[in-house]
Every structure is written in C-alpha cells, then in structure tokens.
Amino acid sequence: MALFKKLGLLTALLACHSLALSQTHEDLTEPIGSALRAREFDKAVELTRSGLRASPGSAQLWTLQGIAFAGKGDSKQALAAFQQALKISPNSVAALAGAAQIEYEANSREAVPLLNRLLVLRPDDPTGHAMLAVLEYRNGDCTAAVPHFDKASKLLDSQLDALHAYATCLARRKRLDEAAAVLQRALALRPDDPQERHLLASVQLMGQKPKDALATLRPLLDATNPTADTLQLVSNASEDAGDTPQAVSTLRQALLLDPRNVSLYLDFANIAFAHESFQVGIDVISEGMLLQPRAAQLYVARGVLFVQLAQYDKAEADFEKAYELDPHQSLSTAAQGLAAVQANDLDHALASIQSKLERKPNDALLLYLQADVLSQKSADVGAPEFQLAMRSAKRAVSLQPALGAARGVLAKLYMQAGRYPEAVAQCREALKSDPKDQTALYRLIQALRKTGQKSEIPDLLKMLAQLREQATKEERERYRYKLIEVDPPAGRPAQP
Numbered sequence: 001m002a003l004f005k006k007l008g009l010l011t012a013l014l015a016c017h018s019l020a021l022s023q024t025h026e027d028l029t030e031p032i033g034s035a036l037r038a039r040e041f042d043k044a045v046e047l048t049r050s051g052l053r054a055s056p057g058s059a060q061l062w063t064l065q066g067i068a069f070a071g072k073g074d075s076k077q078a079l080a081a082f083q084q085a086l087k088i089s090p091n092s093v094a095a096l097a098g099a100a101q102i103e104y105e106a107n108s109r110e111a112v113p114l115l116n117r118l119l120v121l122r123p124d125d126p127t128g129h130a131m132l133a134v135l136e137y138r139n140g141d142c143t144a145a146v147p148h149f150d151k152a153s154k155l156l157d158s159q160l161d162a163l164h165a166y167a168t169c170l171a172r173r174k175r176l177d178e179a180a181a182v183l184q185r186a187l188a189l190r191p192d193d194p195q196e197r198h199l200l201a202s203v204q205l206m207g208q209k210p211k212d213a214l215a216t217l218r219p220l221l222d223a224t225n226p227t228a229d230t231l232q233l234v235s236n237a238s239e240d241a242g243d244t245p246q247a248v249s250t251l252r253q254a255l256l257l258d259p260r261n262v263s264l265y266l267d268f269a270n271i272a273f274a275h276e277s278f279q280v281g282i283d284v285i286s287e288g289m290l291l292q293p294r295a296a297q298l299y300v301a302r303g304v305l306f307v308q309l310a311q312y313d314k315a316e317a318d319f320e321k322a323y324e325l326d327p328h329q330s331l332s333t334a335a336q337g338l339a340a341v342q343a344n345d346l347d348h349a350l351a352s353i354q355s356k357l358e359r360k361p362n363d364a365l366l367l368y369l370q371a372d373v374l375s376q377k378s379a380d381v382g383a384p385e386f387q388l389a390m391r392s393a394k395r396a397v398s399l400q401p402a403l404g405a406a407r408g409v410l411a412k413l414y415m416q417a418g419r420y421p422e423a424v425a426q427c428r429e430a431l432k433s434d435p436k437d438q439t440a441l442y443r444l445i446q447a448l449r450k451t452g453q454k455s456e457i458p459d460l461l462k463m464l465a466q467l468r469e470q471a472t473k474e475e476r477e478r479y480r481y482k483l484i485e486v487d488p489p490a491g492r493p494a495q496p
C-alpha cells in the first residue's frame, strides 16, 4: 500500500537546499537550473555531460545529473550519478538524499546507511526520519523504527498508512496509550470511517481502557444499522467495563446479524464461562453448531463448558470431535514448524527435510519433523512410511529427551499402533517439557481411556478446559493485535 504521497525526486532534491545549483560552475548554473525547473530532463542531462567533460571531479555536476536522470525515471543512471558524487564529496546532502530515495523506493536496505549519514548532517530532517522509520518497519524492527517515527511525527499527520504503521509499532512494543493517541490522529483524518474507529477501539481495549473504547464506538452504535463487527467490539468493551447485561444484549444483536460468525459464539462462551452460566453458554454454542457443524473451535468451547458441569463424557466427545476436525490447531497452540506442512504440501515438506537430514543425520529437530510429516500421511501401521516415522521419532527422543514435540509425535504413533501404555508414558514426558501442551494432554486422556485407567480423566479434562480457556483469551488478544497490523508500506515520504 502507498504510505506517503509521491512527489517527484526533482522537487524533493531542489527543495532540500539549493546546494547543488548554488555551488556549481557559474556558466552552467542557470541553463541547468532552468532545464530542471522546466522538466526538460534530456537537455539537463546533456548540459551536465558537457560540464563533466570539462570538470569530471565536480560533485555538484554529478548530483545535478542524478537529479536529471531521476526526473526522466531512469533510477539506475540516477543512482550511479549520485554514487559518483558521493565518492567525490561523501557529505553532499543532495547526493545523499537522492541516492537514499532511490534505494528507499526499491525497498533496499542500502538506503539505511545513506539515511543515517544524511541524518548526521541534518538531524532534524523529518523526511529522513520518516523514510528510515518505514524501512525499519518493513524490516520488522519496530524498536529501531519508533524513534524515527517520533521525530517525523508532524510529517505523518496527513499520512493515514504511516500513522497505522506507527501505531502498529507502538502496540507491538506494548506502548498502548501512545498507540491509541496516534490512532486518534488517524481517526481525525477519517472520522466517518468505521474501520478507523474499530482500530482505535481495539487498541483501547488492549490497553484496558474499555470506557474509552465505548466512547470511540458510540457514533457507530448510534448509527441506523451498526455492523456485527461494531457490535462485537461494543460487547467486548461492555464486558471489560463490567456491564455484562449490555455485553450479552449487544452480542445477541451481533449474532442476529451474522449468525454464522464463529467468533461471536466464542465470545458468548467466554462470557458464560466467566460468569458461571455454563448451560446457557452450551445452549448458544449448540445453536452455532447447527450453522457451522465443522467449526472445531465451537466443539472445544462447548467441551470446556461441559467440564465445568462435570459432564465429562460429553466434554471428551466434543474434544475428540474438535481434534478430528482440526488435529493441528484445535487443541494445540504450538506452530507446526514448517510452512509447507501448514499448507498441506507434505511431499514438498518431506523432501526438504530429508535433504537436510542427508547432511545432518543426527539432528533431533529434523528427525522430529520427518516423523511429524510422515505421521500426517496416514500410512498403515505396517507400511514403510509408518515404520520410518516411528524410528525417526524414537531417534529424536533419544537424542534430545526434552524435545516435547517429538514425544508428542511418538505418542501419536504408539496410539495408532495400539501400544497405549507406551503412548501414556510419552504423553507424560511431553507434559513435563511443556505442561501447557494441549495435544499431549488430550492424547493422554485418550490413551488412559484405552488402557482402562479412567480415574485421572476428570481432573485431566479440567486441566484441558483451563488451558483452552487461557488459550482463548490469548487468541482474543492476538486477534486485536492483528486488527491493527498493516502491510509493510511501499510508498515514499512526501517532502514537508
């Protein structure tokens, strides 16, 4: 997305200082300047070439040539000219600015040292700070970006995407009050845009300012037809502010508008859990299941509520259904570790892992990943792929006993092979490494039931319910963070 208004590089550089023109040869100053101002860039290039034949060591002429090439849209030639100028005069402000802007537009990290040098010479230059802030933001380094955003602050006031990027970085650094203040400036640019109010309200909720969030959302709530998204945020803010009746009422309105929205049912389950209205929550979740029968999250949420009513068989049935629908995400917050696996490109993932194993045959992590991928291919217990998965998981555990994920895969394979006592042992070891491993806990429940050891199961289901409730809260916070995330900007800063 564009982050800043685009102005021609010529305008930018000539506005910097009249440095290049004021210091060049007197007989060329006026014709080159006139050509540039008239946007006669070919003529300006020829004039600088003529001058450089006589004075090849003139940094000013090289800089002017760079400006002319930039005006023509020839970034490659422009950059070469600016670089030549910098070899002669490393502190040429115009050449530094020109080279930095070209590298910036190419999203090149080469712009960073140029901008740093420029800011040494012009420490209060808001454009330089804005460009450097954006580059660091694009690079994912909000710690480095925020000080530059701070110093470019006034330049950003008319740049909506820049304000979003600034607020995102502040939120990532948990400076939520400041992030909210920046989003207030964004809202001032578009006071009638519901999305801007949603962004600001989300940050206010993250900063535990639910009343501020309600004030932000009030114009949308008072509108003729508030959306389900608006009503959901109002419900969250009302609950956080202690007004549960309003939270429930607003959430029911949202459900009427968007009855297939799974997140609305999950919010209702959270309220029901917090206020011990477990059966009401179960009833509402069950209604949602009629519309979304394959939503694993709904089964998990209802299972958590069944646990609170000590209806353990129903809870276990819901957890089992959730696991069947979504074995990788419904009960585990752990990443799968491989993008190809997440994309279900198992063959590509396996080939990549095995090529690495040829170089590192005793790498526990690679052995675990191989076992994990093979276990997802649903091979029969007697198949070579299953046996390779079993050997890989065992080897990974022997090399790195504390690798809980490997023990989890080994437990899964033991379950498939009907070796339930061994599965129980591996699940217990996995939980020693990570007591919050929901998948290991769920498999332990399954394995204990298979072995007839059912006395532990109610307490384990309670543990699983607690972990799921905690994970749900964390997911809710992550969702709020996602709401304010913006794509790395691709524009360039305007000159003040």
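If you read the sequence shown in this note's numbering, its first letter stands for residue 1, the second for the next number, and so on. Cβ atoms here follow ideal geometry from the backbone N, Cα and C, with glycine treated the same way. Please read all numbers here as calculations on a predicted model, not as lab measurements.
For N270, the enclosing alpha helix (DSSP H) stretches over residues 262 to 274. 8 Å or more divides the Cβ of M206 from the Cβ of L163. Cα atoms of A351 and P435: separation of roughly 32 Å, rounded to the nearest angstrom. Between the region 50 to 65 and the region 79 to 93 there are three or more C-beta pairs closer than 8 Å, enough to call the two in contact. For C427, the CB contacts under 7 Å within the same chain, skipping 5 residues up- and downstream, are A411, A440, R443, L444, A447 in chain order. Relative to the Cα of G128, the nearest Cα in the group A97, R449, K154, S238 belongs to A97. In this structure, DSSP gives G452 a state outside helix and strand, which the three-state scheme calls coil.
In this structure, G51 and L36 do not form a Cβ contact; the two beta carbons are roughly 14 Å apart against a cut-off of 8 Å.
The continuous stretches of alpha helix (DSSP H) do not include K360, and DSSP gives it neither H nor E.
Restricting attention to alpha helix (DSSP H) runs no shorter than 4 residues, the region 114 to 181 encloses them at 126 to 138, 142 to 151, 160 to 172, ordered along the chain. For the set R138, R190, K473, the Cα lying nearest the Cα of N270 is the one of K473. The Cβ neighbour count for V120, taken over all protein chains shown within 10 Å, is under 16; the residue is labelled exposed. Judged by pairs of C-beta atoms under 8 Å, the region 382 to 390 does not touch the region 353 to 365, as fewer than three such pairs exist. R391: member of the alpha helix (DSSP H) spanning 384 to 399, first to last residue. Rounded to the nearest angstrom, the gap between the Cα atoms of G140 and Y312 is 45 Å.
Taking a C-beta distance under 8 Å as the contact criterion, A393 and V409 qualify as a contact pair. Between L264 and L255, the gap from beta carbon to beta carbon is short of 8 Å. In this structure, T250 places its C-beta atom within 8 Å of the C-beta atom of S238. With fewer than 16 other Cβ atoms from the protein chains shown falling within 10 Å of its own Cβ, R294 counts as exposed. A247 is classed as buried because its beta carbon has at least 16 other beta carbons within 10 Å across all chains shown. Cβ-Cβ separation between A465 and V307: approximately 4 Å, consistent with a contact (criterion under 8 Å). Residues of the same chain with their beta carbon placed closer than 6 Å to that of E40 are lacking, with the five preceding and five following residues left out of the count. Residue state for T224 is assigned as coil, using DSSP reduced to three classes. The C-alpha of D229 is placed about 57 Å away from the C-alpha of I32.
S433: member of the alpha helix (DSSP H) spanning 420 to 433, first to last residue. The C-alpha of R197 lies about 14 Å from the C-alpha of N236. Closest option to N107, judged by alpha-carbon separation, among P90, P126, M131: M131. The shortest CA-to-CA distance from A272 to any of L290, R252, K151, N261 is the one to R252. Shown here, G207 sits in coil according to DSSP, grouped into three states, outside any helix or strand.
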